[in-house]
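*Asks:* Dropping the structure in here first, questions after.
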Amino acid sequence: MSAAASNEVCIGGELIEREALRYTPAGVPALSFRLRHASQQVEAEAPRRVECEIQALALGPIGQLLAAAPLGSAIRATGFLAAKSLRHAQLRLHVTNIEFLEGHENGIQTEETPEQG
């Protein structure tokens with residue numbers, strides 16, 4: 029794969045909203061959620077405050093973990109960007125790895141392996 033085809037995102041933030049855990053027609057757990065990010069970045073050699081909310085989707089065990097996590101949990105999500113659907117070009121982060129940064133999860137990390145999907 030060329031560098032131009034690269035698609036990986038890693039972002040930290042707060043779990044601010046989630047839908048009920050659902051299951052795909054194949055029986056895979058799926059969870060749609062929103063992540064709020066706030067940080068200080070440097071752009072053109074000047075500091076910049078960055079704040080945004082990101083729509084995300086987690087499948088399988090990651091979705092199950094997030095469904096049980098309390099709102100307000102600090103997480104670091106890694107995954108790739110894809111259109112929400114064939115009819116909606118709005119971007120959504122598809123999470124393939126999650127790290128809980130604080131709280132009762134005690135830093136649990138999970139990452140899908142090729143065998144899991």
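Okay, so the sequence shown: first residue is 29 according to the numbering used here, each after it adds one.
Yeah, the Cβ is synthetic: ideal placement off N, Cα and C, and Gly gets one too.
1. Rounding to the nearest angstrom, what Cα-Cα distance links G135 and F128 in this structure?
2. In the DSSP assignment, find the unbroken beta strand (DSSP E) run with A54 in it and report its ends.
3. Taking the DSSP output, what are the residues bridged to S67?
4. Taking contact to mean 3 or more Cβ pairs, one atom from each stretch, closer than 8 Å, check whether the stretch 87–102 and the stretch 70–78 are in contact.
5. Just confirm the distance between the C-beta atoms of A95 and L43, as a whole number of angstroms; I'd bet it's less than 8 Å.
6. Would F108 pass as a contact of V37 if the rule is Cβ separation under 8 Å?
7. How is the alpha helix (DSSP H) around L93 delimited, first residue to last?
8. Assign L93 to buried or exposed, taking buried as 16 or more other Cβ atoms, counted over all protein chains shown, within 10 Å of its Cβ.
*Replies:* Result, derived from the coordinates:
1. Reading the sequence shown from its first residue, position 107 is the one you call residue 135. Reading the sequence shown from its first residue, position 100 is the one you call residue 128. At G135, the pLDDT of 47 sits below 50, so the modelled position is not reliable; the number obtained from the coordinates is stated separately. Roughly 5 Å between the two C-alpha positions.
2. For the purposes of this step, residue 54 is taken as the residue at position 26 of the sequence shown. No beta strand (DSSP E) holds A54; DSSP gives it neither H nor E.
3. Start at 1 with the first residue of the sequence shown, and residue 67 comes out as number 39. Bridge partners of S67: V78.
4. no
5. Counted from its first residue, the sequence shown places residue 95 at position 67. Counted from its first residue, the sequence shown places residue 43 at position 15. Contact doesn't hold; Cβ gap of about 10 Å is too wide.
6. For the purposes of this step, residue 108 is taken as residue 80 along the sequence shown, with counting starting at 1. For the purposes of this step, residue 37 is taken as residue 9 along the sequence shown, with counting starting at 1. In this structure, V37 lies closer than 8 Å to F108 by Cβ.
7. Start at 1 with the first residue of the sequence shown, and residue 93 comes out as number 65. Looking at the DSSP string, the run of the alpha helix (DSSP H) that includes L93 is 88–96.
8. Stepping through the sequence shown from its first residue, residue 93 is reached at position 65. L93 comes out buried.
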